[in-house]
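Enquirer:
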Amino acid sequence: MKGMTTIVKQTTKLIAGMIFMYGIYVIVHGHLTPGGGFAGGVIMAGSFILLILAYGSDFLKLLKEESGTTMYENLAMIVVLFLAVSGLLLGTHVFFLNWIPKGTVGHLVSAGILPLYNIFVGIEVAASIVTIFLALIIFKEEVSK
Amino acid sequence: MIVYWLCFILFLVGLYGVITRRNLIKIAISLSIMEFSTFLFFALVGYSEGGVAPIVDPADPVKLYVDPLPQALVLTAIVIGLATTALLMAVIIRIYRKYGSLDIREIKNLRG
Amino acid sequence: MEIAISVITGFMIIGALYAIHARDLLSAVIACGIVGYSLVICFLLLKAPDLAIVQIVVETITLIIMVAVVLDSSREEAFTKLDRQGYFTAITGIVIIVVFFYFMKISVASLDPFGEGTLRMAHSYIEGATEKTGSANLVTGVVFDFRGYDTLGEATVLVTAVLGVLTIMRIKGKK
Amino acid sequence: MNPLIPLLVVIPLAGAFLIMILGRFIRNFNKILASVVLLLLAIISFYFLFNTGDKISVYKVGGWEAVNSIPIGIYMVVDGFTAIILCIINLIGFLSVFYSISYIAKYTSEDFFYALFCLMIAGMNGVVASGDIFNIFVFLEISSISSYALVAFGVEKQQLEASFKYQVLGGLASFLILFAIGFLYWRTKTLNIADIRTALGSGGDRKFYIMAEIMLLTGFGLKAAIMPFHAWLPDAHSSAPSPISAMLSGVLIKAVGIYVIIRLFFNMFVINEEMAVLITALGTISMVIGVFLAIGQWDIKRLLAYHSISQMGYVVMSVGIGMILMSRGIRHEVATLAVTGGIFHLINHAAFKGLLFLNAGAIEYSTGTRDLKEMGGLAKSMPVTSATSFVASLSISGIPPFNGFFSKLIIIIAAVMAHFYLLAALAGIVSIITLASFLKFQRYAFYNKEPDKEKKEIREVPFPMLFSMIVLSIICLLLSLLVFPGIRETILTPATDILTDPSKYSTYIIGL
Numbered sequence: 001m002k003g004m005t006t007i008v009k010q011t012t013k014l015i016a017g018m019i020f021m022y023g024i025y026v027i028v029h030g031h032l033t034p035g036g037g038f039a040g041g042v043i044m045a046g047s048f049i050l051l052i053l054a055y056g057s058d059f060l061k062l063l064k065e066e067s068g069t070t071m072y073e074n075l076a077m078i079v080v081l082f083l084a085v086s087g088l089l090l091g092t093h094v095f096f097l098n099w100i101p102k103g104t105v106g107h108l109v110s111a112g113i114l115p116l117y118n119i120f121v122g123i124e125v126a127a128s129i130v131t132i133f134l135a136l137i138i139f140k141e142e143v144s145k
Numbered sequence: 001m002i003v004y005w006l007c008f009i010l011f012l013v014g015l016y017g018v019i020t021r022r023n024l025i026k027i028a029i030s031l032s033i034m035e036f037s038t039f040l041f042f043a044l045v046g047y048s049e050g051g052v053a054p055i056v057d058p059a060d061p062v063k064l065y066v067d068p069l070p071q072a073l074v075l076t077a078i079v080i081g082l083a084t085t086a087l088l089m090a091v092i093i094r095i096y097r098k099y100g101s102l103d104i105r106e107i108k109n110l111r112g
Numbered sequence: 001m002e003i004a005i006s007v008i009t010g011f012m013i014i015g016a017l018y019a020i021h022a023r024d025l026l027s028a029v030i031a032c033g034i035v036g037y038s039l040v041i042c043f044l045l046l047k048a049p050d051l052a053i054v055q056i057v058v059e060t061i062t063l064i065i066m067v068a069v070v071l072d073s074s075r076e077e078a079f080t081k082l083d084r085q086g087y088f089t090a091i092t093g094i095v096i097i098v099v100f101f102y103f104m105k106i107s108v109a110s111l112d113p114f115g116e117g118t119l120r121m122a123h124s125y126i127e128g129a130t131e132k133t134g135s136a137n138l139v140t141g142v143v144f145d146f147r148g149y150d151t152l153g154e155a156t157v158l159v160t161a162v163l164g165v166l167t168i169m170r171i172k173g174k175k
Numbered sequence: 001m002n003p004l005i006p007l008l009v010v011i012p013l014a015g016a017f018l019i020m021i022l023g024r025f026i027r028n029f030n031k032i033l034a035s036v037v038l039l040l041l042a043i044i045s046f047y048f049l050f051n052t053g054d055k056i057s058v059y060k061v062g063g064w065e066a067v068n069s070i071p072i073g074i075y076m077v078v079d080g081f082t083a084i085i086l087c088i089i090n091l092i093g094f095l096s097v098f099y100s101i102s103y104i105a106k107y108t109s110e111d112f113f114y115a116l117f118c119l120m121i122a123g124m125n126g127v128v129a130s131g132d133i134f135n136i137f138v139f140l141e142i143s144s145i146s147s148y149a150l151v152a153f154g155v156e157k158q159q160l161e162a163s164f165k166y167q168v169l170g171g172l173a174s175f176l177i178l179f180a181i182g183f184l185y186w187r188t189k190t191l192n193i194a195d196i197r198t199a200l201g202s203g204g205d206r207k208f209y210i211m212a213e214i215m216l217l218t219g220f221g222l223k224a225a226i227m228p229f230h231a232w233l234p235d236a237h238s239s240a241p242s243p244i245s246a247m248l249s250g251v252l253i254k255a256v257g258i259y260v261i262i263r264l265f266f267n268m269f270v271i272n273e274e275m276a277v278l279i280t281a282l283g284t285i286s287m288v289i290g291v292f293l294a295i296g297q298w299d300i301k302r303l304l305a306y307h308s309i310s311q312m313g314y315v316v317m318s319v320g321i322g323m324i325l326m327s328r329g330i331r332h333e334v335a336t337l338a339v340t341g342g343i344f345h346l347i348n349h350a351a352f353k354g355l356l357f358l359n360a361g362a363i364e365y366s367t368g369t370r371d372l373k374e375m376g377g378l379a380k381s382m383p384v385t386s387a388t389s390f391v392a393s394l395s396i397s398g399i400p401p402f403n404g405f406f407s408k409l410i411i412i413i414a415a416v417m418a419h420f421y422l423l424a425a426l427a428g429i430v431s432i433i434t435l436a437s438f439l440k441f442q443r444y445a446f447y448n449k450e451p452d453k454e455k456k457e458i459r460e461v462p463f464p465m466l467f468s469m470i471v472l473s474i475i476c477l478l479l480s481l482l483v484f485p486g487i488r489e490t491i492l493t494p495a496t497d498i499l500t501d502p503s504k505y506s507t508y509i510i511g512l
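Residue numbers (the numbering used here), protein chains in the order written: chain C, 1 to 145; chain X, 1 to 112; chain G, 1 to 175; chain A, 1 to 512.
1. Measuring only the C-alpha atoms, how far is A:Met124 from A:Tyr209?
2. Counting along the chain, where does the alpha helix (DSSP H) carrying A:Tyr75 start and finish?
3. Given that C:Ile132 touches chain X, what residues does it touch there, using C-beta distances under 7 Å?
4. Measure the Cβ-Cβ separation of G:Leu73 and X:Tyr16 and say whether it is below 7 Å.
5. From G:Val40, G:Lys132, G:Ile30, G:Glu77, pick the residue whose C-alpha is nearest to that of X:Gly100; which is it?
6. Is X:Phe39 near the ligand SAH, in the sense that its beta carbon is under 6 Å from a heavy atom of that ligand?
7. Taking the beta carbon of A:Ile177 as the centre, do at least 16 other beta carbons fall within 10 Å, making it buried, or is it exposed?
8. Among the candidates A:Phe29, A:Val251, A:Met120, A:Ile396, whose CA atom is the shortest distance from the CA of A:Ser310?
9. Pull up the DSSP beta-bridge partners for X:Ala65, would you.
10. Within the continuous alpha helix (DSSP H) that includes X:Lys26, where are the two ends?
11. Beta carbon of A:Val430, beta carbon of A:Val319: below 7 Å?
12. Per DSSP, A:Asn192 forms a beta bridge with which residues?
13. To the nearest angstrom, how far is it from the Cα of G:Glu154 to the Cα of A:Val138?
14. Tell me which residue opens and which closes the alpha helix (DSSP H) that A:Val334 is part of.
15. Would you say G:Lys174 lies against chain X (beta-carbon separation less than 7 Å)?
16. Measure from the C-beta of X:Phe36 to each C-beta in chain G and report whether the shortest distance is under 7 Å.
17. Given that X:Ile120 touches chain C, what residues does it touch there, using C-beta distances under 7 Å?
18. Would you mind telling me which residues of chain C sit closer than 9 Å to X:Arg97, beta carbon to beta carbon, in chain order?
19. For C:Leu50, which residues in the same chain have their Cβ closer than 6 Å to its Cβ, ignoring the five residues on either side in sequence?
20. Give the interface partners of X:Ile55 over in chain C, defined as CB-CB distance under 9 Å, in chain order.
21. Does the beta carbon of X:Arg94 come closer than 7 Å to any beta carbon on chain A?
22. Suppose the cutoff is 7 Å on Cβ atoms and the five residues either side in sequence are ignored; what does the same chain contact list for X:Gly81 look like?
23. Would G:Val139 be called buried (16 or more neighbouring beta carbons within 10 Å of its own) or exposed?
24. Is it true that the CB of A:Gly342 sits closer than 7 Å to the CB of A:Val315?
25. According to DSSP, what are the bridge partners of A:Tyr107?
26. Is it true that the region 109 to 122 of chain G meets the region 32 to 52 of chain X, where meeting means three or more beta-carbon pairs spaced less than 8 Å apart?
27. If you reduce the DSSP assignment to three classes, tell me which class C:Phe133 lands in.
28. For chain G, is any of its Cβ atoms less than 7 Å away from the one on A:Glu65?
29. DSSP puts A:Ile70 in a beta bridge; with which residues?
30. Tell me, which residues are paired with G:Ser27 by DSSP?
31. Reducing DSSP to helix, strand and coil, say where G:Glu76 ends up.
32. Name the DSSP beta bridge partners of X:Asp60, please?
Right, dumping it as structure tokens:
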């Protein structure tokens with residue numbers, strides 16, 4: 001896949017970082033404002049997709065990244081699963097227990113375990129969508145070769 | 001009540017599309033339309049007149065919120081819908097590469 | 001409120017009808033995207049900002065993937081003359097629709113009208129939920145705490161779909 | 001709260017993710033981990049089978065207690081019926097994984113296969129052990145999406161086409177189910193199955209949920225491939241790799257189709273006669289037409305797939321007879337007998353149909369063909385496959401010492417006692433046609449003179465495949481013991497009781 005013109009590349013360079021930061025903001029404030037892991041994760045993936053579309057890249061590098069993103073995705077899921085099971089392992093023996101102290105409602109550090117879920121689900125979603133996209137692109141490149 | 005009927009008609013439009021269309025992409029689109037109507041239906045069920053969005057401001061708690069449960073369900077279902085669509089698209093692109101066509105009548109190895 | 005949403009839903013129905021009848025696949029996909037974006041407006045009117053955010057980004061991604069697939073394959077739907085099988089499927093479709101319509105008509109009369117729902121399960125999700133979960137966003141509270149198990153399943157669905165896409169996109173199946 | 005219940009889902013999920021992370025670094029990690037995971041699950045489910053009895057164990061996820069006796073969290077429920085299905089899933093799953101060790105070796109990217117397999121098991125366990133209708137939907141999607149991908153695992157033309165068909169009809173079913181859940185929520189404002197039962201009240205004006213009933217029956221009927229909705233099954237089940245066919249035919253259509261239909265229509269909705277008659281009719285149609293479609297097939301796996309539709313018809317018909325009697329409120333013991341017959345046949349079908357698909361896989365592995373006309377004389381070169389498939393064929397056709405005979409006998413007796421003579425006669429006739437069809441399979445595959453041509457040497461399949469087939473054929477013999485008093489009371493009766501005592505399930509769970 002070829003890249004696009006210089007104007008597009010420069011603009012993308014500016015915007016992609018901001019979109020990425022916005023995704024992180026949405027994820028971290030998931031328990032206070034609308035949004036959360038899923039929305040933020042897709043936004044983060046959007047910034048990557050923008051970069052891929054604008055720059056294009058050679059095929060081998062993409063292949064490497066696909067296995068990398070699958071890895072991130074599964075690692076994040078393992079962490080989510082571990083957070084879920086952590087309640088089971090602690091003294092209370094309850095699956096999906098929100099055992100971290102809740103804090104004050106409305107503060108950034110509050111709601112116990114929920115922000116952690118948001119963060120790792122966000123990473124998982126972002127990695128998943130980038131992987132799907134890369135898989136489609138790599139298939140196209142491999143077939144056209 | 002009319003809005004429920006319209007939502008249901010949207011669902012039936014999608015159902016009709018899935019049954020009658022012969023193009024793979026059209027079938028995928030019809031499935032998406034069914035999906036949209038289902039999400040809309042859940043959101044309609046959760047709405048209560050005069051309610052506010054379910055986000056609590058600790059300084060100023062409101063009495064009436066709209067039902068957060070259907071919203072949580074739709075949130076789950078949207079991501080499931082994305083997953084279904086992605087997989088369907090992957091199969092469609094593979095089938096196009098193998099057969100060189102998107103018409104379901106030309107893709108008929110299996111029968112009986 | 002009901003009227004506004006009815007108008008948008010009517011618009012969505014027209015968009016959907018265009019999407020399943022358009023000959024050009026690209027315009028069909030775009031029409032489908034328009035239906036999806038109209039849904040975002042409905043969500044905003046129905047006081048569901050969480051859903052609006054998720055739907056708008058997910059719809060964008062879906063649209064990108066769909067447009068990529070259409071551009072990669074053929075843009076035209078093959079011309080379909082109504083043959084015998086065509087009539088058969090059309091009649092099947094209409095019969096199924098009539099059946100569902102009939103049962104909907106029976107059922108719908110004894111249900112709550114729009115905007116006057118009561119609460120049963122969700123009562124505890126609103127009443128004192130901020131103390132229980134510590135989350136100011138009640139939807140996040142439900143998604144990750146009361147029904148966190150569903151969310152685990154949902155994230156797993158996404159992983160499954162990714163594995164599925166990678167499986168299907170392998171060039172060679174057998175060694 | 002028994003901490004083993006969530007482990008049913010957590011173990012296979014962890015297995016799948018670990019395979020995807022570590023599989024590329026460690027050789028043979030995928031096979032070993034998947035086998036260990038499935039073995040653990042099988043042990044846990046047998047623990048449930050022998051310890052559940054009449055009890056219902058409920059696990060409240062997140063520790064959310066009911067408020068004013070309205071459940072607010074998600075409940076996981078294991079009772080007698082669940083335990084049986086869990087055993088089927090995990091035992092057949094273990095044998096299929098063990099079989100795959102040799103079978104899948106000829107495909108690329110085995111990591112994906114084992115990870116998706118674990119996810120499919122997790123989805124089915126989640127569906128079966130759930131007491132919450134939306135939760136059932138979510139886990140249904142996990143198992144469906146992984147099975148869509150597994151059907152297309154060979155990425156050949158046929159597999160892709162079958163997978164597409166399966167995905168479209170599966171997606172249609174999913175959205176019908178989701179819409180029905182919305183409908184139920186609109187009326188009852190709750191998602192817990194037991195609580196929905198309470199909120200719907202007993203009998204009376206049932207207008208408002210007939211829509212939900214129709215949609216749920218269509219949706220899960222599509223997943224279970226009951227007759228008018230069966231179009232995807234023969235393609236998907238014949239195109240998939242053989243261990244996956246065994247899982248799809250032996251387990252998946254039961255766990256996410258028949259099981260959920262039975263659970264919802266017995267324990268969630270108030271049983272009513274129209275629905276019961278509809279279900280019986282659908283079952284009878286599948287039973288009769290499935291076998292007639294099967295008899296003309298020359299592709300082994302398609303033949304077996306059509307027989308799956310027919311045998312599932314037996315189960316649905318028998319359960320439907322039970323429902324009719326229960327809705328009329330008469331002759332409770334006959335209703336119990338009919339439901340027992342249905343569940344017993346469900347178990348038996350998992351064993352012999354799983355075995356038959358593994359046999360078909362073994363034949364394909366050795367000879368490279370699935371066409372009956374191109375085979376012949378395999379009894380000499382593949383003695384174990386021949387013997388085990390003989391056992392399975394006799395079982396499915398209902399020949400006395402084997403398990404299929406007893407379940408069909410119970411079904412026919414129940415139909416006669418309920419005065420549905422036509423249905424009893426049809427069940428007998430279909431059984432005879434099944435026998436004819438399997439005699440054809442045996443004769444052409446194993447005993448006929450092989451066609452004269454330069455043959456490549458056909459050898460028996462490797463040990464893991466043999467092991468799975470032998471174990472399943474022993475299970476086929478052992479299952480006939482279930483019919484005897486003493487064993488029946490510990491395993492089949494608790495499952496039947498929870499279904500035929502309409503309010504036991506909901507009153508127990510709400511009363512916690």
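Note that CB positions come from ideal geometry on N, CA and C, so glycine has one too.
Just so you know, these numbers come straight off a predicted model, no measurement behind them.
Expert: Quick answer:
1. 27 Å
2. Unbroken run through A:Tyr75 is the beta strand (DSSP E), 75 to 78; no alpha helix (DSSP H).
3. Ala86
4. The sequence given here places Ser at residue 73 of chain G; Leu does not occur at that position. Their beta carbons are not under 7 Å apart, which means G:Ser73 does not touch X:Tyr16 by this criterion.
5. G:Glu77
6. In terms of ligand content, the structure shown is empty, and the ligand SAH therefore cannot be addressed.
7. buried
8. A:Ile396
9. Note that residue 65 of chain X is Tyr in the sequence shown, not Ala. Paired residues: X:Val52.
10. 24 to 46
11. no
12. A:Asp132
13. 7 Å
14. 332 to 367
15. no
16. yes
17. In this structure chain X extends from 1 to 112, so residue 120 of chain X is not present and cannot be described.
18. Phe139, Val143
19. Thr12, Ala16
20. Leu32, Thr33, Pro34
21. yes
22. Glu35
23. buried
24. yes
25. G:Lys174
26. yes
27. helix
28. no
29. A:Val67
30. In the DSSP output, where bridge partners are listed per residue, G:Ser27 has none listed.
31. strand
32. The partner list for X:Asp60 (beta bridge, DSSP) is empty, contrary to what the question assumes.
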